[in-house]
Amino acid sequence: MNSANKDHANHEYTVLRENAEKKRQAFLNDPVPKIHIGMATCGIAAGALDTKAAFEEALVRHNIDARIHTVGCIGHCYTEPYVIIDHPASGFPPVFYHEVTPGKAGMLTKLFLKEGDPRFEHVLGATVENEMIPWIMDFPRFNLEKRVVMEKCGRIDPEDIDEYIAENGYSTLADILHQSPEEIIREIMASGLRGRGGAGFPTGRKWEMVANAPKNDKLVICNADEGDPGAYMDRTLLESNPHQVIEGIIICAFAVGAAKAIVYVRAEYPLAIKIMTRAIQQAKDRGLLGHHILGSSFDLDIEIFQGSGAFVCGEETALIRSIEGFRGMAKYRPPYPSESGLWGNPTVINNVKTLSSVVPVLSNGADEFKKIGTETSPGTAIFSVVGNVVHPGLVEVPMGTTLRTLIFDICGGIPKKKKIKAVQIGGPSGGCLPETLLDTPIDFDSLAQTGAMMGSGGMVVMDEDTCPVDVARYFLEFTQKESCGKCTFCRIGTFHLRSILERITKGEGQEGDIKKLRQLSEDIKNGSLCGLGKTAPNPVLTSLRYFIDDYEAHIKEKRCPALMCRPLIAYYIDLEKCARGCDACVGCCPVEAVFTTKNRKKAIDQILCVKCGECLVACPPEYDAIVKVSPPELAPIFERPPEPVDKSS
Amino acid sequence: MELTSEEKIILEEIKINLATISKERSKLIPILQFVQSKIGYLPMPAIHLVADHLGISPSEVYGVATFYNQFRFNPPGRNPVKVCMGTACHVKGGDVILENFERKLEIKEGETTPDREFSIESIACAGCCALAPVVIMGETVHGHMQPSKVEGLVLRVRIEKEKQKRKKQKNELGQ
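As you go down the protein sequences, you meet chains A and B in turn.
First residue of the first sequence: 1, per the numbering used here; consecutive thereafter.
First residue of the second sequence: 1001, per the numbering used here; consecutive thereafter.
What follows is the structure in structure tokens.
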């Protein structure tokens, strides 16, 4: 590119930046209190809309002038709905409140905004260092994280492009528009950035292949078909900072020479689609998309394609078939999409996280990026840590952080003082790792060695009450349903794996099942074309490797050590502990299986019982009379009295 | 299932709308999404309509539609119940919640009650794993579900309906 281009791009960007900064300064200098509310899907699910309405109503009622500022998600799901109140006149720093119900919203409006009392008992921390309230960065959940990609998430309003621009957004784009595409690709290669979609293919090499492809009409696809149950970081990035994804897409398109880009988003993410559509329109209005981007000679259009909910469409060739209007079935590679992709054109397919990472990589430089993480996996990894942990949510850590640090130091460990049994990483393609492997560093290669994989970054922590056999069965049920049906081994093999596992969890396991599982798993791996089939047996193989005792207990003793597989357990009521007058278990039973025995104590009808565990929760802790046993034969059997004993009352 | 007269009118509207959409194959999934957003599901006549528009066989359209989880072939209830079956929800007992809904409403997953009031679906992940187990009823997300809460949720909808019915009756009597 020539220098005229450079001046143009810089000039146009400077104008945009000045306007955005003016707007931001006006907002910051406004002396009225500001209430920041996290309004991504998870926040809304936790009730953020009600909280916002409660604030609006209370502000009117108390006649207070304040600004409500909706932001994206900061990834601290346990705090949802969260609110940050910046009330400069009170003398306190901006305060972070967690789990703000509508009632709390009304109370905070009255006591903090009106009377200046921040109500310390509801405070999580202050967002800046100060002498009155603990700083949130003093907590491990905050300070052990390294926010590179998610840095702006939860700080800016995703529906306002100017907030992103004021935070240095699109400056990387303005800078690279005067570089040559080769320079950009070289920089990405030098950074060692690897695809964050799961397989970890070097991003720079993928771009180079497309850039060098002889054909025209190149395309960029942003893969936001996040189908892995338990992973939602792509959605969070789209909802909380859509412009960083768009900036990444524009840079990628510029580097490979594409004039069209498609964002493939799951239709199950309506809010992400809405925010993305709006963000694309705003970028167009500012001259950041469309013809002559920032006054340069580069053109790009971005379209959104709504995926229809098929897990296999996360696989690139299946995704392409789906955009073309067919069943999303994987194709044989080569030719790779980089040679012949969508409609036969060379296509780059990158995950949302990869494209979001491009911006910090280029703005900080490859050397800076390489300082984070490990030698072979530089940068950060984003995990959605869920399941039995105290502080679930999205966590961005440098690659190479150990699982133990992630689970125990950052996410607060296992609730209720239970022991950890396993960590499931990488969703249906990943594996279950035992406690002994918790010191494994998180990077592409170390995880692959254990038999698990990075996958999309879903991480489910399981306590001692979780059965690894049942979890393997659960994942096989999922992959079997989602198999596209093209390869016989995947289509029929996963069905058989699933049926064997189902049999085992029902207590009908047979001698030789374990051998069969191993053999089938290997066959499925070898006989499948795409990543779905190749990785589908991973949950089985890893659980066989690390939790063989659990399998044997199921098969030989018909017993579930974790007391989770419902056909293998039974509940009964300890008559010694049961209090006569209490009817908690009778009331909560959904199938009326709990009845009153002759001496007015309670018992469970084992035939009616569906083993939902509700009585266990309902039984007051001072009695603690419900007992769970495995195998079910251990439960004593009580006869139900034929008729109510006392007819006179 | 027979189309209601209301659905027939919507189908006619869809026919008019289709004329403005191009006949490219890659428009198939967006068209199906459009039809479902209008009518709530993909009834057979709609599939034939789409097939005619694109010049492909109805079986081809049906084949694509059944491949994707988003499309449904029976009408959703007025209160669709979506039970999350994600990993976190599974570990915390999502399947028990699903069973309880099936038992209370006397329909299976993927079906609609005869009065079209409720339908049950299982979804792969609602993306609010920290609230597991999760149920989405209509637009509302109910987190930290328990089997005993199921009856209450169903009852609440039925009571609301009964209330409205009585109110209507009262108004009619009053007039």
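Note that CB positions come from ideal geometry on N, CA and C, so glycine has one too.
Taking 8 Å as the CB threshold, GLY613(A) lines the interface with chain B. For PHE1034(B), the closest Cβ of chain A is not nearer than 8 Å. A residue is called buried when at least 16 other Cβ atoms come within 10 angstroms of its Cβ; TRP343(A) does not meet this threshold and is exposed. If the five residues before and after GLY509(A) are omitted, its C-beta is found closer than 7 Å to the C-beta atoms of ARG503, HIS554, ILE555, all from its own chain and listed in chain order. One Cα belongs to ARG119(A), the other to LEU289(A), and the distance between them is close to 46 Å. Straight-line measurement puts the Cα of THR51(A) at about 12 Å from the Cα of THR70(A). Residues of chain A with a Cβ closer than 9 Å to the Cβ of ALA1046(B) do not exist, since the nearest Cβ in that chain sits about 16 Å away. In this structure, the beta-carbon distance from MET1085(B) to SER1122(B) falls below 8 Å. Neighbourhood of ALA1051(B) in chain A, by CB distance below 8 Å: empty, with the nearest CB roughly 12 Å away. Cα atoms of PHE55(A) and VAL1083(B): separation of roughly 31 Å, rounded to the nearest angstrom. Its chain contains PHE201, PRO202, THR203, LYS206, ASN350, ASN351, THR354 as the residues whose beta carbon lies nearer than 8 Å to that of GLY195(A), once the 5 sequence neighbours on both sides are disregarded; these appear in chain order.
At least 8 Å separates the beta-carbon of GLY230(A) from that of CYS1128(B). Boundaries of the beta strand (DSSP E) harbouring ARG266(A): 258-266, taken from the DSSP string. Scanning the segment 487-560 of chain A from its first residue to its last, the whole alpha helix (DSSP H) runs of 4-plus residues come out as 494-505, 513-527, 531-535, 538-546, 548-556. At a cut-off of 8 Å between C-beta atoms, PRO1147(B) counts as an interface residue with respect to chain A. Contact between the segment 442-457 of chain A and the segment 483-495 of chain A is not established, with fewer than three Cβ pairs separated by less than 8 Å.
From the listed residues GLU1102(B), HIS1048(B), GLU1012(B), MET1044(B), the smallest Cα separation to GLU1151(B) is found for GLU1102(B).
Close CB contacts of ASN241(A) within its chain, under the 8 Å cut and outside five residues either way in sequence, are with GLY72, MET150, LYS152, CYS153, ILE156, PRO158, TYR164, SER356 (chain order). Only residues of its own chain outside the window of five on either side were considered, and among them ILE626 have a CB closer than 6 Å to the CB of LEU616(A), listed in chain order. If you draw a straight line from the Cα of PRO1133(B) to the Cα of VAL389(A), it comes to about 14 Å.
Residues of the segment 55-81 of chain A whose Cβ lies closer than 8 Å to any Cβ of chain B, in chain order: CYS77, TYR78, GLU80. Following the DSSP letters along the chain, one finds ASN212(A) in no beta strand (DSSP E) but inside the alpha helix (DSSP H) bounded by residues 203-212. With respect to chain A, the C-beta atom of GLN1070(B) has a partner C-beta closer than 8 Å. Residues of the segment 1015-1030 of chain B with a C-beta atom less than 9 Å from some C-beta of chain A are GLU1024, ARG1025, SER1026, LYS1027, LEU1028, ILE1029, PRO1030, listed in chain order.
Of the candidates HIS1090(B), PRO1045(B), GLY1077(B), PRO1045(B) places its Cα closest to the Cα of SER1059(B). DSSP, read as helix, strand or coil, puts SER483(A) in coil.
In chain order, LYS1038, ILE1039 place their CB closer than 7 Å to the CB of ILE1010(B), counting only its own chain and leaving out the 5 sequence neighbours on each side. Membership of LEU237(A) in the alpha helix (DSSP H) is indicated by the continuous run 233-240. Counting only Cβ-Cβ distances below 7 Å, HIS1090(B) has contacts in chain A at TYR474, in chain order. Using a CB distance below 8 Å, the part of the segment 22-50 of chain A facing chain B consists of THR41, CYS42, ILE44, ALA45, ALA46, ordered along the chain.
Among the CB atoms of chain A, none fall inside 8 Å of the CB of THR1113(B). The three-state reading of DSSP puts ILE246(A) in helix, counting H, G and I together. DSSP places CYS1084(B) in the uninterrupted beta strand (DSSP E) bounded by 1079-1084. As computed with DSSP, ASN351(A) is found in a beta bridge with ASN223(A).
At a cut-off of 8 Å between beta carbons, MET462(A) contacts chain B.
The distance from the Cβ of GLY531(A) to that of SER429(A) is about 7 Å, consistent with a contact at the 8 Å cut-off.
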